[in-house]
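Per my numbering, the very first residue in the sequence shown carries number 5; after that it's consecutive.
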Amino acid sequence: MFIDKQQVTGRFAPSPTGPLHVGSLVAAVGSYVMARQAGGLWLMRMEDLDEPRVVPGMADDMLRTLEALGFQWDGEVMRQSRRKDAYQEALDELMKRGLVYACGCSRAEIARIASAPHENGELLYPGICREGLPEGKEERAYRVTVYDELIAFNDLVMGHYSEILTASSGDFVVKRADGPFAYQLAVVVDDHFQGVNQVVRGADLFTSTPRQIYLQTLLGYETPVYAHLPLVTGPGGAKLSKRDNALSLAEGRDLATEGGGLLVRALRFLGQNVPDELEKAGCREVLEWGVANFDMCRVPRVGGEFG
Ligand code: GLU
5 MFIDKQQVTG
15 RFAPSPTGPL
25 HVGSLVAAVG
35 SYVMARQAGG
45 LWLMRMEDLD
55 EPRVVPGMAD
65 DMLRTLEALG
75 FQWDGEVMRQ
85 SRRKDAYQEA
95 LDELMKRGLV
105 YACGCSRAEI
115 ARIASAPHEN
125 GELLYPGICR
135 EGLPEGKEER
145 AYRVTVYDEL
155 IAFNDLVMGH
165 YSEILTASSG
175 DFVVKRADGP
185 FAYQLAVVVD
195 DHFQGVNQVV
205 RGADLFTSTP
215 RQIYLQTLLG
225 YETPVYAHLP
235 LVTGPGGAKL
245 SKRDNALSLA
255 EGRDLATEGG
265 GLLVRALRFL
275 GQNVPDELEK
285 AGCREVLEWG
295 VANFDMCRVP
305 RVGGEFG
């Protein structure tokens, strides 16, 4: 596909580990209306790299659900499981430049040495294998070396954010020795390959962004514009139960009837002033209203229940 440099290119990149749910619907709606409002492309990428977590048939189930909700994407659906050569090439490039090293530490070993884990359960890697794999240790992962520099970006929703990777993640994993490439590497390689310059996604990935910007810098890629959308939670801020919020057609949801209403709720969740008459409208009509009227300034920073 030919992609004009000035063309806005957004994308929706779900992991097919379960059916589409209200949380991923919010990311789909946000990324769709923003890309289309700018007259841009909206691409679809299935992040099916972590094979043990992928549920067979879910990628197609998600695509059918999105179609039933009126979404239309540009071009072919990209599947990360078919892009391993590209990730390997990027990894080879980083290795050749001495930026990646083999690490033999287990999570338990890191946990013993590292300071308290971050909120998301990630640990700061203290650099044990940086100078070479200690005797008797087997390769478990490949890590990219980070430096004491500030990585900053302006998020369209969350505002200015900066991080020093040596203090937040430390040298981070780009591939498991006997397993998949890490999400951080794959997402950067794919966004670059697909010409994505507008990344709109859930706030759970907000703190991954500095690592992704760092990899983009190392690989000589442009950094996209980022907008991290508030997360849908269960009652009292509890983690959303994906099961209860499944939107799959296969689960008996009648999206032809309830789809428009769900899209209205997603837009309202994103702070948009959707007129009541649209509650009974069809999916396309609601999405078109979103494209014409979406106002980024109204998107709240804090999530909550899907009203
Ligand atoms: N695959 C990720 C997810 O479903 C999203 C990745 C991204 O948008 O960068 O949470």
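By construction, the Cβ of each residue, glycine as well, lies at the ideal position given by its N, Cα and C atoms.
Test item: CB-CB of residue i and residue j under 8 Å
i, j, result
"R3", "A181", "This structure does not reach residue 3, given that the chain is present from 5 up to 311, and the question cannot be answered."
"V161", "V306", "no"
"P312", "Q202", "Not covered by the structure: residue 312. The range shown for the chain is 5 to 311."
"L251", "V12", "no"
"E289", "G264", "yes"
"L253", "R83", "no"
"L169", "D208", "no"
"H232", "R215", "no"
"V178", "L95", "yes"
"L291", "G74", "yes"
"G294", "L271", "yes"
"G79", "A39", "no"
"A90", "P20", "no"
"G22", "V59", "yes"
"P138", "G108", "yes"
"H164", "A171", "no"
"G240", "F273", "no"
"E93", "L223", "no"
"A115", "L103", "no"
"L47", "V191", "no"
"L219", "V33", "no"
Span separating the alpha-carbon of residue i from that of residue j
i, j, result
"G286", "G275", "20 Å"
"V193", "T221", "12 Å"
"Y105", "L53", "22 Å"
"K284", "R57", "37 Å"
"A42", "I117", "48 Å"
"A31", "G140", "45 Å"
"R269", "Q76", "19 Å"
"D175", "R87", "24 Å"
"L244", "G238", "5 Å"
"M66", "E135", "44 Å"
"A72", "L29", "12 Å"
"A312", "N158", "Not covered by the structure: residue 312. The range shown for the chain is 5 to 311."
"S212", "S173", "9 Å"
"Q198", "P184", "21 Å"
"L313", "D258", "Outside the displayed span of the chain (5 to 311) sits residue 313, for which this structure offers no information."
"R101", "R111", "27 Å"
"E167", "G256", "44 Å"
"E142", "C133", "11 Å"
"I217", "Y230", "11 Å"
"T261", "N249", "17 Å"
"D195", "N297", "27 Å"
"M99", "N277", "50 Å"
"S35", "D152", "33 Å"
"T149", "A186", "15 Å"
"S85", "E51", "8 Å"
"R49", "G61", "15 Å"
"Q10", "V37", "18 Å"
"M300", "E55", "35 Å"
"L24", "A242", "19 Å"
Identity of the residues DSSP links to residue i by a beta bridge
i, result
"M48", "F16"
"R205", "H232"
"G308", "V236"
"Y129", "G174"
"G185", "The sequence as given places Phe at residue 185; Gly does not occur at that position. Paired residue(s): K179."
"H25", "A250"
Exercise for the section: Jot down the residue ranges of each uninterrupted beta strand (DSSP E) in the stretch 233-289, minimum 3 residues, whole runs only, in chain order. Expected result: none
Problem - Residues passing the C-beta test against ligand 1 heavy atoms, cut-off 5 Å - result: A17, P18, S19, E51, V191, R205
Exercise for the section: Jot down the residue ranges of each uninterrupted beta strand (DSSP E) in the stretch 135-179, minimum 3 residues, whole runs only, in chain order. Expected result: 145-148, 154-159, 163-168
Problem - Any alpha helix (DSSP H) of 4 or more consecutive residues that is wholly inside the stretch 61-114 - result: 62-72, 88-100
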